[in-house]
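First up is the structure itself, then whatever we jot down about it.
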Amino acid sequence: MNVIIPMAGLGSRFSNCGYTVPKPLICIAGIPMVVQLLSNLKLHSEDAVYIGLQRAVEREHQVLATIKAYLQKTGISLFPVYFDSPTRGAAETLHKIIGHLNARHRQRRTVSLDCDTIYFYDILSEIRNIPADSGSLCFFEDEGEESIFSYVRFDEASKAVTEIQEKVKISSHANTGAYGFRNAVELSKHLGKVLAKPVPEIGEFHTSTVIAEMIREGLRFQAVPVPIEDFACVGTPKQLRAFLESPIRTKSIQKGHKILFDLSSISNLPRNVPLLEDVMSVCLPDQFLQFILKMKKDGLEVELSVNEDLSSFEKLSSCEDAPGESEFIFSTWISRRRASAKGSLFPVNDSFEKIVGWV
276 MNVIIPMAGL
286 GSRFSNCGYT
296 VPKPLICIAG
306 IPMVVQLLSN
316 LKLHSEDAVY
326 IGLQRAVERE
336 HQVLATIKAY
346 LQKTGISLFP
356 VYFDSPTRGA
366 AETLHKIIGH
376 LNARHRQRRT
386 VSLDCDTIYF
396 YDILSEIRNI
406 PADSGSLCFF
416 EDEGEESIFS
426 YVRFDEASKA
436 VTEIQEKVKI
446 SSHANTGAYG
456 FRNAVELSKH
466 LGKVLAKPVP
476 EIGEFHTSTV
486 IAEMIREGLR
496 FQAVPVPIED
506 FACVGTPKQL
516 RAFLESPIRT
526 KSIQKGHKIL
536 FDLSSISNLP
546 RNVPLLEDVM
556 SVCLPDQFLQ
566 FILKMKKDGL
576 EVELSVNEDL
586 SSFEKLSSCE
596 DAPGESEFIF
606 STWISRRRAS
616 AKGSLFPVND
626 SFEKIVGWV
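Numbering (this note's numbering), first residue to last: 276 to 634.
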C-alpha cells in the first residue's frame, strides 16, 4: 500500500493565531501532529509513505528530520517530495506526489491521509479490507451546523457512495480525510482530467473533487464508518483546542515519550545552586509549575532539563499546594540531546500550553 500525506499547504490559520512552526510540527501531547498520525498507523513492512513538503518550509524547520528522529526505529519507508511553490489544493499536491512513485508502487492500492487528522484505531486495515475493485472513503456523523467538511451520500445497505460534495452538507456523513484508491495509475489519470479544468468556485482543487469525477465515470467507492471517539480532526486552532479539552485527548499520550522543559531558557535561573522548591518558586511562574503537575497527573512523562553539570542540581520537591505528587525529575544530558533532535525540548515562556499541545 502507498500512504500519501499531502503537506504542501501553508497552514495560515495556525500562523495567524501565533503558532511559529508549520502545521505538521504543531505538537499534541508533546509530539508533532504528523508524527501522531504516523505513529498511530498500523503500517506493513512493504508499505511506503510519501509526504509532500514545501521546500522553503523544510529548509527553515527541518520537518523531515524531525519526523525521522521520532520514527527511526519503526522501519517505516518514508519518501519526501518537495514543492517550490504552493499548489492549487490537495488534489494537485496528490497528483505531483504520484508523479514521483516508481512503476511498482503506481500499481498498488493508494491511500491519501490529511496530516491534521489522527486515528486511534487501525484505519488502514479498514481500507485494506475493502474489495480490490473499489475505492473507499472514511466518514463520521457530523452533528454540527457548519459545513466545514466534504460530505457524502451512499446506499445504506451496500455503503456504495453515490455523491460527494465539498463544504456542502448533503448529509450528516462527513469525510475524515482518509481516501483509498484502487491504484495510483487510475488516480493519476483522473487527477489529470480534473486539474486540466478551471479552478472551481471554492478556490482550490480538493481530493473530493476528483472522487466526484471518478464516481460520475462509474468507478466505485465504499463508505467506511469511523467512530467519533476513534479519531481527532485538528486542522484548525479551534478544532485542536476542542480536542485538547475532550476526554479522548488521553489517546494522544504515547507511552515512554518524555516531554522536556528547558530551564536554561530562563534568564534569572541561578547557576550552581541546588534547585530546591524555594528557588524554583521565584524563578518559575506558579502557572507553569501547576501546568507540569497537571501534565504528570494526566499521565504524561515530564522532565526538567538544564544545560549544566547535573551534579550541581537537586531534584525539585512538589509544590506545597499539591501534596502527594511525586517529585520532578531532571533529565540526563543524553535525554536532552535526543529531545533537542526531535524538537521536543521546550522553552519555558508564556506559550507553554501552545507549544506542548496540552491544556
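Yeah, the Cβ is synthetic: ideal placement off N, Cα and C, and Gly gets one too.
Check, Outcome
"C-beta contact flag for Ile279 and Thr385 at 8 angstroms", "yes"
"Cα-Cα separation between Glu438 and Phe429, rounded to whole angstroms", "7 angstroms"
"Outcome for Cys390 when other beta-carbon atoms lying within 10 angstroms are tallied against a minimum of 16", "buried"
"Under the three-state DSSP convention, the category Ile301 falls into", "coil"
"Buried versus exposed call for Arg611 [16 or more other C-beta atoms within 10 Å across all chains shown]", "buried"
"Where Gln329 falls, given that 16 or more other Cβ within 10 Å makes a residue buried", "buried"
"Beta-carbon gap between Thr482 and Ser387 smaller than 8 angstroms", "yes"
"Exposed unless 16 or more other CB atoms sit within 10 angstroms - verdict on Ala323", "buried"
"Alpha carbon of Asp537 to alpha carbon of Glu333, nearest angstrom", "24 angstroms"
"Exposed unless 16 or more other CB atoms sit within 10 angstroms - verdict on Trp633", "buried"
"Neighbour-count burial assignment, His448, 16 or more Cβ in a 10 Å radius", "buried"
"Contact check, Ile609 vs Val577, beta carbons under 8 angstroms", "no"
"Continuous beta strand (DSSP E) stretch holding Ile534: start and end", "Lys533 to Asp537"
"Beta bridge counterpart(s) of Glu441 as assigned by DSSP", "Ser425"
"Where Ser446 falls: helix, strand or coil (DSSP)", "coil"
"DSSP beta-bridge partners of Gly467", "DSSP output for Gly467 lists no bridge partner at all."
"Inter-residue spacing [alpha-carbon to alpha-carbon] between Cys413 and Glu335", "34 angstroms"
"Residue of His319, Ile423 and Gly327 minimising C-alpha distance to Gly350", "His319"
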